[in-house]
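Asks: Residue numbers (the working numbering): 1 to 200. Glycine included, each C-beta is placed from N, C-alpha and C at the ideal position. Just so it is clear, the structure is predicted and the values come from calculations on it, not from any experiment. Please find one structure pasted underneath; my questions will follow.
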Amino acid sequence: MKRLGVLLSGRGSNFEAIARNCASGTLQAEIGVVISNREDAVGLETAHRMGIPAVCIPARGVERQQHDALVAAELDRAQVDLVILAGYMRILSASFIQHFPNRILNIHPALLPAFPGLDAQHQAWEYGVRVAGCTVHFVDEKMDSGPILAQAVVPVMESDTAAVLAERILAQEHQIYSETIAKVLAGGWRIEGRRVLFGE
Ligand code: GAR
């Protein structure tokens, strides 16, 4: 069974969706460890409740490289095949990324390359886009960059607030993240330039 290591900083709803899919067998993988940089992350409680190993590695006051080295060591100990960023609100150091080449996935709540960075759903809503969405991508050394694995498009309604739009996007995040993890774990894909080819 392939193993996942999940990094999160907060609510952990993407983690929970993935964990449920692992538990039901919809996603044939197991979560080896959940790591949070924040003690108060709700996702840590969820992991404990679901019986999934979870640790907090606090980042405050620790130099980035050093913190990332601790996180990488924990992921290595758990022998994970893929690192899943699920609302992990930290920039990763180059050495961390090089330690897991093409083995780190991120989900971002916008149709990249539009609206990278924080509060992407609000950025998109304020900009007045007619369609929004979310993106699953490999993580490279730049923020919200890296070859795109999957995107889901979500319509924007005139009655939407940014919060309502974010909810609609989140429902799609929960759907496409597990599906994409399964495709990456299945192998047989290759990367040409920025394009990921699954041979579909
Ligand atoms: C999700 O919407 C995810 O796409 C976003 O944080 C939220 C975490 O929610 N990630 C980013 O903005 C990364 N740039 P969750 O903790 O409930 O999964």
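Could you tell me whether any non-hydrogen atom of ligand 1 is closer than 7 Å to the CB of Arg130?
Replies: The answer is no for Arg130.
Asks: Name, in chain order, the residues that DSSP records as bridge partners for Ile104.
Replies: Ile104 pairs with Val83.
Asks: My assumption, with CB atoms under 8 Å, is that Pro109 sits in contact with Ala166. Please give the rounded CB distance.
Replies: Indeed they touch by this definition, with Cβ atoms about 7 Å apart.
Asks: Give me the Cβ distance between Glu74 and Ile57, rounded to the nearest whole Å; I'm assuming they're in contact under 8 Å.
Replies: About 7 Å separates the two Cβ atoms, so the contact holds.
Asks: How many Å lie between Ile169 and Cys22 at the Cα?
Replies: Each residue's Cα considered, the two are about 22 Å apart.
Asks: So the candidates are Ser24, Gly51, His67, Gly199; which of them puts its Cα closest to the Cα of Ser36?
Replies: Taking only the C-alpha atoms, the option nearest Ser36 is His67.
Asks: From the DSSP output, read off the bridge partner residues of Val131.
Replies: According to DSSP, Val131 bridges with Pro155.
Asks: Pick from Val6, Arg60, Val139, Met89: whose alpha carbon is nearest that of Ala78?
Replies: Of the candidates Val6, Arg60, Val139, Met89, the one whose C-alpha sits nearest the C-alpha of Ala78 is Val6.
Asks: So who's on the other strand from Gly5, going by DSSP bridges?
Replies: Answer is Val33, Val83.
Asks: Quick one: what's Ala54 bridged to in DSSP?
Replies: Note: Ala54 sits in a beta bridge opposite Val34.
Asks: Is the stretch 121-131 close to the stretch 141-155, with three or more CB pairs under 8 Å?
Replies: Contact between the stretch 121-131 and the stretch 141-155 is present, because at least three Cβ pairs lie under 8 Å.
Asks: Can you tell me where the beta strand (DSSP E) holding Leu197 begins and where it ends?
Replies: That run of the beta strand (DSSP E) goes 195-197.
Asks: How would you label Gly146, buried or exposed, when you count the other beta carbons within 10 angstroms and need 16 or more for buried?
Replies: Gly146 is buried by the Cβ-count criterion.
Asks: Looking at His48 and Ala54, is the spacing between their C-beta atoms short of 8 Å?
Replies: Yes.
Asks: Just tell me which of Phe138, His99, Ala124 has its CA closest to the CA of Asp160.
Replies: Considering only alpha carbons, the answer is Ala124.
Asks: Residues in its own chain within less than 8 Å of Leu185 by CB, not counting five upstream and five downstream?
Replies: Lys2, Gln28, Ala29, Asp81, Leu82, listed in sequence order.
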